[in-house]
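Right, one structure below, let's go through it.
Pasting the structure below:
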């Protein structure tokens, strides 16, 4: 059974439709990128998934249940949402109570809550900041607090809006690791992003929206390798993949580590700078 | 020199460490200077100090001497004289909205109108700025209904409409899609004609090519200052993750420092 399923979803804020019949299906354990140009409706789609918006027509199912008519707090047991900007989301006085809010609302015992919160903070590397006020942390760490809070809801589906925005290299690597861990736990991850380099590293599948419809749904590797298609969809081939293509590396690696390995192999055979 | 810092330190209220620590640097018109470093390095603070918003709005304490154009931007006199001559674009465009305008056109005109310009001059500058940033078709929209990328371009147009002599840009492509980001960075060198541009960014795969000069900061201290290719291609920058992906790859596979920053440079170097 799919963790998330949209069937012919239509939506518009006024008379102009933004989404014109979007269908997609994501299984538990899948990490999927949602891509597309500014204003194409990516964030709108995620708000439909978490029932902050209701479709004009079509059906949204999360964890096998139709979300229409359900309140966001009921959908929250199935789907967790990390806003693009942490300040749209944070409200508690300490990092710990922010992350504990979800489990507490779900009526879990104190011991269970402690365990879940501890685990979530460890995954994002903020164990040492449990008693700090979220707003005393830099923006990048505030973002990780919201990610920990979403994980602590233990959702079937986790929706992330621009999870790497404003993070430096180390932060991006951490988010990639966290997503890897979640998919091992069978969580479905849907990440809105413009960052095709991050997609190539961390998300196996990519869905691209264009003019209100799904214009691409397939392996992110294929998208990254097809410069013509990527450009036509307003995307940029990331540097590692572009270097791989320019040098004609065997097996066409697209991830940074894989490109490094391939280059080491080639340079070992004397092809390269001496 | 249009911006000069001498031994400048800055500390936010309640903090036990300097966000900027004894930074000395002089910037000239005609150049795009990139300020980069890991998160918390002090790049955004540098912009706020040059603009005078730190400490004026942030509070905190500043040491050393700052001269922006011809004034200390933190003094009352400096703020008055420099208003409009120093333009700052924040990375979060909605925090920069005036809150006073019903349309995009009014928002872009907000700065110029407050500078007391005559109507024809305002109209002309606003139109030009909106066209430059591809937001002319949004002129009658309510700015609060725009997407993040649209709003970031509108706010950039608004800053540029004031025709500032010093332009301070904090992650100006954060909200933009790849095509929008590419065209914004391509435009930067032309914006630096007769103007001092300082760009704070960790988006180095894109920003590196747009910069003439680079400042590398580490926990508030300026650790490198020079031509962008030199600073970003250095072993120190690449080893700390403050360079491009291509530099990181070529360093890992054993090229020597002076690492290539772009695919084209890497191909040239590796085929040599």
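Chains as they are written, first to last, in our numbering: chain A, 28 to 301; chain B, 232 to 503. Every residue, glycine too, gets a C-beta built ideally from N, C-alpha and C. Please read these numbers as outputs of a predicted model, since none were measured by experiment.
Item, Value
"Beta bridge counterpart(s) of residue 241/B as assigned by DSSP", "251/B and 293/B"
"Contacts of residue 116/A in chain B (Cβ-Cβ under 8 Å)", "In chain order: nothing, as chain B lies at least about 14 Å away."
"Residue 93/A, buried or exposed, once every other Cβ within 10 Å from all chains shown has been counted against 16", "exposed"
"Per DSSP, cross-strand counterpart(s) of residue 47/A", "37/A"
"Under 8 Å between C-beta atoms of residue 243/A and residue 252/A", "no"
"Minimum length 3: unbroken beta strand (DSSP E) runs contained in the segment 290 to 335 of chain B", "292 to 299 and 317 to 320"
"Proximity of residue 183/A and residue 55/A at Cβ, strictly below 8 Å", "yes"
"Alpha carbon of residue 297/A to alpha carbon of residue 201/A, nearest angstrom", "Because residue 297/A carries a pLDDT of 47, less than 50, the predicted location of this residue cannot be relied on, and no value is offered for it."
"Contained beta strand (DSSP E) runs [length at least 3] in the segment 154 to 233 of chain A, N- to C-terminal order", "184 to 188 and 215 to 219"
"Any chain A beta carbon closer than 8 Å to residue 431/B", "no"
"Whole-angstrom distance between residue 88/A and residue 495/B, CA atom to CA atom", "46 Å"
"Simplified DSSP state of residue 427/B, which is helix, strand or coil", "strand"
"Residue of 73/A, 109/A and 119/A minimising C-alpha distance to residue 163/A", "119/A"
"Presumed contact (8 Å Cβ cut-off) between residue 390/B and residue 374/B, rounded CB distance", "Not a contact, Cβ separation roughly 14 Å."
"Beta-carbon contacts of residue 311/B that lie in its chain and below 8 Å, excluding the five residues immediately before and after", "none"
"Boundaries of the beta strand (DSSP E) in which residue 357/B is found, first to last residue", "First-last for residue 357/B: 350 to 363, but that is the alpha helix (DSSP H), not the beta strand (DSSP E)."
"Cβ of residue 436/B within 8 Å of any chain A Cβ", "yes"
"DSSP three-state assignment for residue 117/A, whether helix, strand or coil", "coil"
"Inter-residue spacing [alpha-carbon to alpha-carbon] between residue 174/A and residue 151/A", "8 Å"
"Chain-ordered neighbours of residue 494/B on chain A, where CB pairs are closer than 8 Å", "266, 269, 270 and 273"
"Inter-residue spacing [alpha-carbon to alpha-carbon] between residue 272/B and residue 195/A", "11 Å"
"Limits of the unbroken beta strand (DSSP E) element including residue 456/B", "452 to 458"
"CB contact below 8 Å: residue 196/A versus chain B", "yes"
"Alpha helix (DSSP H) segments (min. 4 residues) lying fully within the segment 228 to 267 of chain A", "247 to 252 and 254 to 259"
"Any chain A beta carbon closer than 8 Å to residue 269/B", "yes"
"Whole-Å CB distance - residue 435/B paired with residue 474/B, under 8 Å assumed", "6 Å"
"Alpha carbon of residue 349/B to alpha carbon of residue 260/B, nearest angstrom", "27 Å"
"DSSP three-state assignment for residue 298/A, whether helix, strand or coil", "Any answer about residue 298/A is weak, because its pLDDT of 46 lies below 50 and its placement is not dependable; what the coordinates show is given next. In the structure shown, residue 298/A sits in coil (DSSP, three-state: anything other than H, G, I, E or B)."
"Proximity test, Cβ basis, 8 Å: residue 160/A and chain B", "no"
"The segment 106 to 119 of chain A touching the segment 36 to 43 of chain A, judged by at least three CB pairs closer than 8 Å", "no"
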